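The structure appears below as structure tokens.
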Amino acid sequence: MTDVSAQTPTVPPRSNYWGSAKAKRRIKRRYAADRRLQIYGISAIGLAVMLLGVLFATLLFSGYVAFYTTKVDLSVYLDPKLIDKAKPEKANYRKITRDAFFALFPEVTDRKERRQLSKILSSGATYVVRDFVVEHPDDIGSLVSIQLPVSDPFDQLNKGVIPREIDALSSGRIALFNVLKQRGVLHVENDKAYVKTDVYVNPLDVPEGNLEQADYDRMVNEAFRSFFMTARNPAYEEILSEDAAAAVKARVLADPSLVGKTIEVKLPLSEHYDSLARTGRATIVNPRFGSHKDFEWFDDLKKRGLISTPFSWELFVNADSRFPELAGLAGALSGSFLALLVCFLLSFPVGIATALYLEEFAPKNKWTDLIEVNINNLAAVPSVVFGLLGLAVFLNAFGLPRSAPLVGGMVLSLMTLPTIIVATRAALKAVPPSIREAAYGVGASKHQVMMHHVLPLAMPGILTGTIIGLAQALGETAPLLLIGMNAFIPSIENMGLLEPAMALPTQIFSWSDSPERGFVSRTSAAILILLAFLVTMNAIAVYLRQKIERKW
Amino acid sequence: MLNYLFLALLLLILTGFLLGRTQAVAIRSATDVRMHSLAGYHGWFVAAWVGIPAFLIVLLWLLFQGPVIDWLLVASLPSDRVDALDAGQLNLLVSEIKSVAAGNVFGEPDQLVKEAADRYNRWNQIANWAMVAVALAIAISGLLFSRSLVSARFRARNNVERIMSALMIASSLIAILTTLGIVISLLYESLRFFDKVSVTEFLTGVNWEPQIPIREGQVTAGGAFGAIPVFTGTLLIALIAMAVATPVGLFAAIYLTEYASSRLRTFVKPLLEILAGIPTVVYGFFAVLTVAPAIREFGNTIGFEIAPNSAIAAGGVMGIMLIPFISSLSDDAIASVPQSLRDGSYGLGATKGETITKVLLPAALPGIMGGVLLAMSRAIGETMIVVMAAGIIASLTMNPFEPVTTVTVQIVTLLIGDTEFDNPKTLAAFALGLVLFLVTLALNVIALRIVQKYREQYD
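Going down the list, the sequences are from chains A and B. One point on numbering: in the working numbering, the residue at position 415 of the first sequence is 415, and numbering is uninterrupted. One point on numbering: in the working numbering, the residue at position 416 of the second sequence is 416, and numbering is uninterrupted.
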């Protein structure tokens, strides 16, 4: 009890104390690293969810306008002199429609103006009138009111998708112009803008003292270029009006002694820059329209209450068309339906049979291993390769027709098979052995156990997998492109397994490739419809999984 | 006609089933002998005999009718007219005859074509009727034959089960046939391509200009098939996609497995899976409509010229598509690290973050690597995003702000529209397809190997 100090533990260096400042800093640092990792994780998830949101927002925002169309209420006189009652589809509906439309604007008589006016109506309007007459032959000889679609630019204008006027100058050019503004050399006098600058009247540009022939352009350019020493964009040359040199010329002609001196001149600006300097904006009529007259006429129609925007049934009941305001998804939807039907009829029985064989009947040997490896690999083969297979085997070797839903369905079924097989095997595995043993116990054969007991119990799981596989097949595009299911099919009269057809995703692809502005919103709308189908199918699959699938 | 034939066959099958069953029922009620099989099995037995041979015959007939009639057609053409033609011209003649036969007559076809078209139509008609007759005859004889077997001692159940087993085996062979079909068709067309263009030029050339002159002497690029720029373009876009998807997917997986509450997990995981379920054509449109203009605009504001179909737009959007892929595979890999490793790390006083970076990630690395490789193989094989958002011109660059093209883009652009199978342009697509197939297959096999090896460690 005397030597207490010997019993106390050796004091570690102060820096290693848990309570020391250094250790506290270290712990703080370690927890900061932990928090950093969390922040990375949260921001990764946030980014992914945000991108998903942006994706849906852009589709909704650009797609909702395609669900209504801009239409003109037009009173059309179905002249019995022009329409033969026996053959109503043969009449000159172009003339009938245009005459009815021109009647709204009796003041427009000039041929050129009439041509411009007629562009307000969709080029497909004549077919709408024709179809109306074919459906209502009794109306021939009377005045009927028909809603006709307007052409794409006016449709987009009415929906506010495209502006009446667009900026005449690109942002790069405006940036160049702002250089002048910052220098403070811009002046506006009498509703005209000038650049006030010093111009050196270079004697070298005055050949043999000939003031008339002197190169004033060069002098002006020399002076003007000095503002843009750092700019690489040669577009600044457009800023000055062509009259700029004339302004210098006039000064020099008036006073020949100015040669060799530096004079201050006011250089006029070219049209768009002039308006930019005076009003801060430079616009031109949107090149999709002819002139401001277009807007006057259209506003006039609106004022008279002839423009309406009903729900666009065309989007669902029409076939594809070159005119976006008339293009619809009916062909694509039926093509996709037929292809999926073929896909289901092929892959569902084959998938179940394969899974049943591999899971329950097959002996474990090299062959079954080979089949299993094959199925796993097929699931990972790029979809475009299946398209190549379809092209080389189904089209080229077997001679099946191009663009046919039958071939599309066959290719898709090869891609869906692995999904169905995997799902079926999982569902078969999930059926407890007690069921099988009970069935064996009452004397069932192996086939009877499978067919009468195991398979029915596994069916909800199999259906779930099948629906998910079909949903994937519905969105598949590349293989269908290769077998030609992107053909332009403007009618829905010939639908069949061997007739050329479109599918929903290939329709989306071909619309997205079209230059008309209206196809952008049509594409988005078609995507929204495709996604709605996918969501519905997946919802059914989830429902089956949660409500009907038995948990053992 | 085919529809009616199928309908007739279905009716016959139904009749067969009913006949077999009623016959068995009759035997059972007439005699005291116990039947070996239930009546239904007798019905199924007859139905199988009616349906399966007839359907097989129809299938084979449909497959071979076209080629056989084509062959007959060529053989029937007067030899003095045909011998002078090469294969391409002969094909042209045959398709002209077919289009005349279908009724699409442009101008006045010459006598030879008209006669051949008539013959073609007649033969097709004969063949169609013959097919109907043969199929029905086989179905009916199957019905008669199998009905004659129905008796009390006949083992219908065993026979039906044997047929079902055979059908199941046949079904599982389809997977092998598909793979074989892919390999053979790709190899066959590629070999034809390599007859015209040497393998070394294809694999090492740096000029990709597949536009072959259509007419002789036409002044266009002569057609160069050096695929290196196509491969580098594919690699560039895939690398950009991985650069987006790997960090985001990995960090998301780390957070979801280790930090997130189970409520957040059940909310966020389905959201990420939605990203995986969106068709790629939608991503392609998104890239064209939103991402590429945004990137371009951003470039403009900092005074930097970016192409509208730059690699970074296509690759970036592809990266978004791959996020859920990487996150779910990494999630699995991290979650399957045994709890004991976590406990050990916590026991040593490590923070959660240290446990993750120093213990879990190294342990899960093989699984994560496998996932990254699988995603890479997806990125290389992905088609629609690049077809819509990437370039068509092959340029040898690694600059992500310039347009590049990919293997899949080339396959689609070379094969879209009408395709002639004797043109190197068409065949080049198959050679590219073969490369694509082999590379993705190799990546998948390696990835699966890595994942499997890793699993063995802890199980």
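Note that beta-carbon positions come from the ideal geometry of N, C-alpha and C, so glycine has one too. Fair warning: this is a prediction, and the values are worked out from it, not measured in the lab.
Short of 8 Å from the beta carbon of A:R425, and not among the five residues preceding or following it, lie these beta carbons of its own chain, in chain order: A355, L358 and E359. Counting C-beta pairs with one atom in each stretch, the region 121-132 of chain A and the region 93-105 of chain A have three or more that are closer than 8 Å, which means they touch. The beta carbon of A:R30 sits closer than 7 Å to some beta carbon of chain B. Contacts with chain A at 7 Å (Cβ-Cβ) do not include B:Y41. Beyond the five residues adjoining it in sequence on each side, A:A427 comes within less than 6 Å, by CB distance, of A458, G461 and I462 in the same chain, given in chain order. For A:I263, there is no enclosing alpha helix (DSSP H); the residue is part of the beta strand (DSSP E) that begins and ends at T262 to P268.
DSSP, read as helix, strand or coil, puts A:P432 in coil.
Taking CB atoms only, A:G399 has a neighbour in chain B less than 7 Å away. If you draw a straight line from the Cα of A:P505 to the Cα of A:L480, it is about 9 Å long. Nearest neighbour of A:Q472 by Cα position, chosen from B:F145, B:G277 and B:I163, turns out to be B:G277.
The beta-carbon separation of B:L415 and B:A429, rounded to 5 Å, stays under the 8 Å limit for a contact. Beta-bridge analysis with DSSP links A:H136 to no other residue. In the three-state scheme derived from DSSP, where H, G and I count as helix and E and B as strand, A:L389 is classed as helix. DSSP, read as helix, strand or coil, puts A:D299 in helix.
When the five nearest sequence neighbours on each side are left out, the beta carbons in the same chain lying within less than 8 Å of the beta carbon of B:L73 are those of V94, I97, A116, R119, Y120 and W123, in order along the chain.
Distance from the CA of A:I307 to the CA of A:S142, rounded to the nearest whole angstrom, comes to 22 Å. Contact between B:L5 and B:A135 is confirmed by a C-beta separation of about 6 Å, below the 8 Å threshold. For A:P505, there is no enclosing beta strand (DSSP E); the enclosing alpha helix (DSSP H) has its first and last residue at L504 to S512.
A:Y17 carries a coil assignment under DSSP once its states are collapsed to helix, strand and coil.
Of all residues in the region 291-325 of chain B, the ones placed with a Cβ closer than 7 Å to any Cβ belonging to chain A are N300, I320 and I323, in chain order. Between B:T405 and the set B:N3, B:L167, B:I228 and B:V199, the nearest pair of CA atoms involves B:I228. Think of a sphere of 9 Å around the beta carbon of B:R21: no beta carbon from chain A falls inside it, the nearest being about 17 Å out.
Between B:F45 and B:N159, the C-beta spacing is below 7 Å. Under DSSP, A:Q147 forms a beta bridge with A:D73. Rounded to whole angstroms, the gap between the alpha carbons of A:T523 and B:P279 is 14 Å. Across the structure, B:G284 and A:D139 are spaced so that their CA atoms are roughly 48 Å apart. For the region 183-217 of chain B, the set of positions with a beta-carbon nearer than 8 Å to some beta-carbon of chain A reads S185, L186, Y188 and E189 in chain order. With a threshold of 7 Å between beta carbons, B:S171 makes contact with chain A. Shown here for A:D198: same chain residues with a beta carbon closer than 6 Å to its own, the five before and five after excluded, namely T262 and E264 in chain order. Non-local C-beta neighbours of B:I27 in its own chain, meaning closer than 6 Å and more than five positions away in sequence, comprise A152, ordered along the chain. Runs of alpha helix (DSSP H) with 4 or more residues, each lying fully within the region 424-494 of chain A, are found at 433-441, 455-475 and 478-482, listed in chain order.
Under the three-state reduction of DSSP output, B:F401 falls in the coil class, being neither helix nor strand.
Residues of chain B whose Cβ lies closer than 8 Å to the Cβ of A:A503 do not exist; the shortest such Cβ separation is about 10 Å. The Cβ-Cβ distance between A:I420 and A:G351 falls below 7 Å. At a cut-off of 7 Å between beta carbons, A:D34 contacts chain B.
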